[in-house]
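Numbering (my numbering), first residue to last: 168 to 258.
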């Protein structure tokens, strides 16, 4: 996924459905007094979305690692099985 500068991420393609797309809420840009506040709100929302996604990925990766460890603990590979597998693959 190409890295875009933050200014392009907020105004990027709204139709991008990629998992790693940087979507932001749709807002109208007006030349009024409240423009800076809405841009700040968009940035804060984008940061919250990224933080939530990063935490979710971290928790899921820890859970998958623990599951993999538990699976290997309950289903060990004996040295004889390992040698038999290596012998089959070498011929």
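Backbone N, C-alpha and C define an ideal beta-carbon position, used for all residues, glycine too.
Under a three-way DSSP split, which group does residue i fall into?
i: residue 258; result: coil
i: residue 245; result: coil
Which residues in the same chain have their Cβ closer than 6 angstroms to the Cβ of residue i, if we skip the five residues on either side of it in sequence?
i: residue 244; result: none
i: residue 208; result: none
Alpha carbon to alpha carbon, what distance is there between residue j and residue i?
i: residue 246; j: residue 219; result: 43 angstroms
i: residue 231; j: residue 217; result: 21 angstroms
i: residue 235; j: residue 222; result: 20 angstroms
i: residue 253; j: residue 242; result: 18 angstroms
i: residue 255; j: residue 237; result: 27 angstroms
Using 10 angstroms around the beta-carbon of residue i, count the other beta-carbons present and answer buried if the total reaches 16, otherwise exposed.
i: residue 239; result: exposed
i: residue 257; result: exposed
Considering only residues of the same chain and omitting the five flanking positions on each side of residue i, which have a CB-CB separation below 7 angstroms?
i: residue 225; result: none
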